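Enquirer: I'd like to ask you about the structure that follows.
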Amino acid sequence: MIIPAPASARILRLEHLQVRSFRNLAELDLELDPRFNVFEGDNGQGKSNLLEAIGLVAWQRSFRGARLDEMIRSGGDRATIDARIRVAEEPAHEVSIQLRPGVRSLRLDEKRVPGPEAYFGIVQMVLFHPGELELVQGGPSARRTLLDRVLYQTEPGYPTAFRDHQRALKSRNRLLQDEASAASIRSFDRPLAETAVRVVAARGRLLHQMAPFVAAAFAEIAGGSSTAAIAYRPQCEASSADEVLEALARSFERDRARGATCVGPQGDDVEIRIDDHPARSYGSQGQQRALVLAVKCAELAVVQARAGQLPVLLIDDVSSELDETRRRHLYRTIGGGGGQVVMTTTDARFVPLETLGTGGTVTRVSQGKLSR
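Read in order, the letters of the sequence shown are residues 9 to 380 in our numbering.
Pasting the structure below:
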């Protein structure tokens, strides 16, 4: 499924990156190629750390789920990431992120900003890494994370709604665990319900948009007669805050017994099926890998369509995880897209730059240092 850039699409570029004291990356200063950037090295040398740092520019959080203190170089008290990004021929934006234990500060064009809302519409990135197999093989959390990562970058107001829901959920759960009074616990029901409806509606719209892309991409990648489908399965089928409030009331005693809120988008899932059977138990390993690649192609297409610009594509050492057929599909997809790609690999021979049509750069990563 090649996703060509529409004539009207703008292209996002990461032009320059500086990293200080981030994991094993003591200090690096890097100019990036506008199309293909391949970072080659043995395992444990810092390739994925570099992609993690780049991902923070878009998502302000680790795609590995790491805490802030885990991303700071051993012996240091802070890590910094500075990036210059540009959309088409517009003026460049300067993004600066500083990490300290428990504290993350963000600056956009030298002005301090409170959170990801300030980035909305500027930076979009799509990530593909070996852990993506959890989309099929793992639990609901990985699938919700995929949705939330896309929505953070493409859905107006979603970062605020999601953050407010998480805060209300955390407060309500703490009161449940502390066996607080019913009135205290229920004081969070209204904000929880109002934000839950917004989160569920946004996730549902996204899955509805992604579904046809997944089906088409899987048919092309897997070949044969097998079909794939995805659908949103919210834990609470409610179209209004009042309906969520009613569900919370019905679940109140169960919540108290479990010490956790059992109603809301924190329990949602994405159903993924092959030939109308659960992909996790029915699909072969090859089909599951094809399905994951199809989902990522759909994510790329939808982010591009929603943002009106081509996102930066981050690919973390997945070439060795794919067979030759699926590698060819991956490179055909990214080669025909026109956007910027940042890839890692243990062997640059897996990445045939000469066949992608526009060249690029290959950089060696060893013990957190770069060389060409």
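Ideal placement from N, C-alpha and C gives every residue a C-beta, glycine not left out.
If you're wondering where the values come from, they're calculated on a predicted model, not measured in any experiment.
#1: Relative to the C-alpha of Val131, which candidate in Tyr166, Val111, Arg94 has its C-alpha closest?
#2: Below 8 angstroms, can you find three or more Cβ-Cβ pairs linking the stretch 117-137 to the stretch 59-73?
#3: Quick check: the Cα distance between Leu330 and Arg262, rounded to an integer number of angstroms?
#4: Alpha helix (DSSP H) containing Val65: first to last residue?
#5: Check whether the Cβ atoms of Cys244 and Val278 sit closer than 8 angstroms, and answer yes or no.
#6: Looking only at DSSP bridge pairs, what is Arg18 linked to?
#7: What residue ranges within the stretch 239-266 form continuous alpha helix (DSSP H) runs of no fewer than 4 residues, ordered along the chain?
#8: Which residues in the same chain have their Cβ closer than 7 angstroms to the Cβ of Ser234, if we skip the five residues on either side of it in sequence?
#9: Per DSSP, what kind of secondary structure is Arg92 in: helix, strand or coil?
#10: Does DSSP classify Gln26 as helix, strand or coil?
#11: Decide if Asp186 is buried, meaning its Cβ has at least 16 other Cβ atoms within 10 Å, or exposed.
#12: Give a yes or no on whether the C-beta atoms belonging to Leu200 and Arg171 are separated by under 8 angstroms.
#13: In whole angstroms, give me the CA-to-CA distance for Glu251 and Ala225.
#14: If I measure Cβ to Cβ from Arg241 and keep anything under 8 angstroms in the same chain, skipping five residues before and after, which residues do I get?
#15: How is the beta strand (DSSP E) around Glu102 delimited, first residue to last?
#16: Answer yes or no: do Asn420 and Arg31 have a C-beta to C-beta separation smaller than 8 angstroms?
#17: Within the same chain, show all residues whose beta-carbon is closer than 7 angstroms to that of Gln312, passing over the 5 residues directly before and after it, in chain order.
Expert: Here's the rundown:
#1: Arg94
#2: yes
#3: Between the C-alpha atoms of Leu330 and Arg262 there is a straight-line separation of about 44 angstroms.
#4: Residues 55-67.
#5: no
#6: For Arg18, DSSP records a beta bridge to Gln317.
#7: 249-258, 260-266
#8: Ile282, Asp283, Gln295
#9: Here Arg92 sits in strand by DSSP.
#10: strand
#11: exposed
#12: no
#13: 37 angstroms
#14: Asp276, Asp277, Val278, Glu279
#15: Residues 101-108.
#16: There is no way to answer for residue 420, as the model of the chain reaches only from 9 to 380.
#17: Hits under 7 angstroms: Ile11, Ala17, Leu318, Pro319.
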